[in-house]
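Undergrad:
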Amino acid sequence: MLTPLDLLYITIAIAIALLAIFGCITLIYLILILRDANKVVASAKDTAEKVNTYVMKPINAARSLSKHIGPIIKIVEEKIEERMEADRPKKNPRKK
């Protein structure tokens, strides 16, 4: 016959077994969630690399180009202004 103490031990064993099963299920879901999060992070990393390759590198190249060509453009503008001033007819003040 089962004594109350035996029933208590059986109940505790069943409770521990159920907790272990629920713990395993929770771990499986946690693993699946972390795997999906890893996929999302990898996708975001790929997107960031593509943005860097196709957007930021050309912008940085244009900045570098404008940094080096800017002084040359200023010199050319000054020379053009000098020639335009030399080609302009000088106005003679009218004497009355």
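Take the sequence shown: its position 79, counted from the start at 1, is 78 in numbering that gives the first Met the number 0, and no numbers get skipped.
Using N, Cα and C, we set each Cβ at its ideal position, and we do this for glycine too.
Fair warning: this is a prediction, and the values are worked out from it, not measured in the lab.
#1: Output needed for Ser65: all residues of its chain with C-beta closer than 6 Å, excluding positions within five of it in sequence on either side, in chain order.
#2: Whole angstroms are fine: how far does the CA of Leu33 sit from the CA of Ile27?
#3: Assign Thr2 to one of three DSSP states: helix, strand, or coil.
TA: So, from the data block:
#1: none
#2: Here the alpha carbons of Leu33 and Ile27 stand approximately 10 Å from one another.
#3: DSSP places Thr2 in coil when its eight states are reduced to three.
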